[in-house]
Amino acid sequence: MVKVKDIEDLSLFKGLTGDELKAIAEIVTSDTFPAGKPVFEEGEVTCPCIYIIQKGKVDVQKRNKDGDLLTLSVQREGSFFGELSFIDNKPHSATLTTAAEESVVLKIDRNDFEKFVQRFPNAGYKLLMNIVLDISQLVRRMNTQYVDMAGYVFGRTKR
417 MVKVKDIEDL
427 SLFKGLTGDE
437 LKAIAEIVTS
447 DTFPAGKPVF
457 EEGEVTCPCI
467 YIIQKGKVDV
477 QKRNKDGDLL
487 TLSVQREGSF
497 FGELSFIDNK
507 PHSATLTTAA
517 EESVVLKIDR
527 NDFEKFVQRF
537 PNAGYKLLMN
547 IVLDISQLVR
557 RMNTQYVDMA
567 GYVFGRTKR
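In this note's numbering, the protein residues as written are 417 to 575.
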């Protein structure tokens, strides 16, 4: 359980009422990770949870075909991750490792979230829409980066 003031400004909880924030705060837990420690690993099946960075940074990493761990992005305070496994209950698609500093990560377990949604269905909808909006922004950025990369690699072509 965390305090409402710790979560009220996070994008994941945008649009929740005071009562909804109080109720969600009751199911949010907090973990502290030392620098360089994985929160979870690619392919791992852990709890279907969504994680929110309260303090610190987390590296999003994937292994290439040679087994090297490559950093794709760095998530900062207020960012959330683990949403894919939270939604589809499948293994994690990337490794998430705390960066060069101790990090505090908040967590919502899907089982607790489902109970929360039974009490506050509108809040569940709002939270899931916030996740979908974040994923949508990510896909749009990736599309732009892909087109830019393809143009760089293959050159610009006109039809």
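Even glycine gets a Cβ: it sits at the ideal position worked out from N, Cα and C. Small disclaimer: the values here were computed from a predicted structure and weren't measured.
{"Check": "Three-state class that DSSP yields for S519 in the structure shown", "Outcome": "strand"}
{"Check": "Selected residue, minimal CA-CA separation from K453, among L554, V520, E493", "Outcome": "V520"}
{"Check": "At least three beta-carbon pairs within less than 8 Å, the region 476-490 to the region 430-450", "Outcome": "no"}
{"Check": "Which of helix, strand or coil DSSP assigns to F570", "Outcome": "helix"}
{"Check": "I551 in three-state terms, based on DSSP", "Outcome": "helix"}
{"Check": "Neighbourhood of E457 by C-beta, 6 Å cutoff - its chain only, sequence neighbours within 5 removed", "Outcome": "T511"}
{"Check": "Residues bridged to P454 (per DSSP)", "Outcome": "T513"}
{"Check": "DSSP-derived helix/strand/coil call for T448", "Outcome": "strand"}
{"Check": "Span separating the alpha-carbon of R557 from that of V563", "Outcome": "10 Å"}
{"Check": "At least three beta-carbon pairs within less than 8 Å, the region 470-482 to the region 543-559", "Outcome": "no"}
{"Check": "Proximal residues to M417 (C-beta, below 8 Å), its chain only, five neighbours per side dropped", "Outcome": "A441, E442, I443, V444, T445"}
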